[in-house]
Ligand code: 6PG
């Protein structure tokens, strides 16, 4: 291929996300090389099918030989890897290294673990290459028409990859691309991980709103779809609320509502779980998202739940509700809990930024999530505004705007949770968020007793209210214990 015909970017991995990203790049005027491995009997003819199918007549060059693929790309090469997270990324990198030139850029657009990306950035740079670990959110539709793209890693790569990545990113209502440089190392994948955790939380909250309307108000699918459609015109305007309305109206070929035929056992590919594990490693509460992850796990224990339901049948008083007022309370619970979930998620991002010295720009991250991604929603503008304020809030819920919002939502929120408990209807995320809020806003908590217990049985020491912070004491609680005290540390 003569140099002037070299392509602008290469993409490896023509699964759902990969082929749609390649088509998106081409539609924005880029000349694209694509490659997919051939595994006899497992993966064959993938490139040919794509080139002769969806890519026919487009400015996309297909390769089944990885060396020819690499040589087809103009220097400094930009190669986007869209392969399964984990070992496949490492194996592909080792295959590419001998074929690359100094300054070439590898971009990992999969849902990779940020610690793997930390390692890969160092490895690539040690060999004279650059590495970008980028979250890509928005599923198939986002990949084709505009995703939220969260790149991080070798900052020297940003000026080279920025034009292409911003061209294929979604655009917010103000026209700005939902793609900006996140930070060093694995920060881009860390942000995507928190995005996915928040996604889990949003999905659980919406599911609980649906479940309350269905079981306590006895609304039918069309009536619930109307409620979600109405909410989507206001402060809850978001992709997940919008698709929920569509899902509730959707009928299958047999003419029945598909939602009523879908088994209530949720799957999970792991990014939500990772967000909880990493929040715990950072010592940060991410209770709502943890609840959402565990609810997916509990939902998957269908047989056990069926057995338990026979032993503990739920009793319902089912009072006659004022449906309009009750729906307002469900809105309050949904919106307030969503605020709590995002506040928890952004607090973890801030802690990670401080811990790893990433200098994350939380306002920029909120802006990146306004379009293209699964959690795209109108209120991310308010979050960005809160983080851009001259006096940054200690906590998102303490930002003036969100303080006002929460104060109006509390009455409906707590009434809804109380009513659901009286009716023995599980609302784990609504209640987790409410209890987090009450703990967060309590100057005093019963942790003094926890400290006393720890010191009683393990001599783990405690601080005193009548002494300066940082001084630790041990009490000889039983009179015959020793004065030796355990070392003081917190994980
Ligand atoms: C996105 C989604 C996506 C996610 C899949 C599976 O941002 O486009 O978050 O990356 O991995 O939808 O998610 P779960 O199986 O974990 O629900």
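Numbering (my numbering), first residue to last: 1 to 491.
We treat Cβ as the ideally placed atom computed from N, Cα and C, and that holds for glycine.
Please read these numbers as outputs of a predicted model, since none were measured by experiment.
Shortest gap from the CB of residue 269 to any heavy atom of the ligand 6PG: under 7 Å. Between residue 345 and residue 148, the C-beta spacing is not below 8 Å.
Shown here, residue 324 sits in a helix according to DSSP, grouped into three states. Bounds of the alpha helix (DSSP H) holding residue 121 are 114–126.
Straight-line measurement puts the Cα of residue 254 at about 32 Å from the Cα of residue 143. Looking from the CA of residue 324, the closest CA among 384, 218, 109 and 352 belongs to 218.
Judged by their CB atoms, residue 120 and residue 131 are nearer to each other than the 8 Å cut-off.
Per DSSP, the unbroken beta strand (DSSP E) holding residue 61 starts and ends at 60–63. One alpha carbon belongs to residue 166, the other to residue 264, and they sit about 38 Å apart.
Cβ atoms of residue 455 and residue 475 come within 8 Å of each other, at about 6 Å. At the C-beta level, residue 427 and residue 418 stay beyond 8 Å of one another. The alpha-carbon separation between residue 400 and residue 291 amounts to approximately 27 Å. Each residue's CA atom was taken as its position, placing residue 410 and residue 431 some 12 Å apart. Judged by DSSP in its simplified three-state form, residue 21 adopts helix. The nearest non-hydrogen atom of the ligand 6PG is 7 Å or more from the C-beta of residue 189. Taking a C-beta distance under 8 Å as the contact criterion, residue 136 and residue 197 do not qualify as a contact pair. Inclusion of residue 137 in the 7 Å shell around the ligand 6PG follows from its C-beta lying nearer than that to a non-hydrogen atom of the ligand.
Runs of alpha helix (DSSP H) with 4 or more residues, each lying fully within the segment 155–184, are found at 158–168, listed in chain order.
In this structure, residue 195 has its beta carbon less than 7 Å from a heavy atom of the ligand 6PG. Residue 379 sits in coil when the DSSP states are folded into three classes, being neither helix nor strand.
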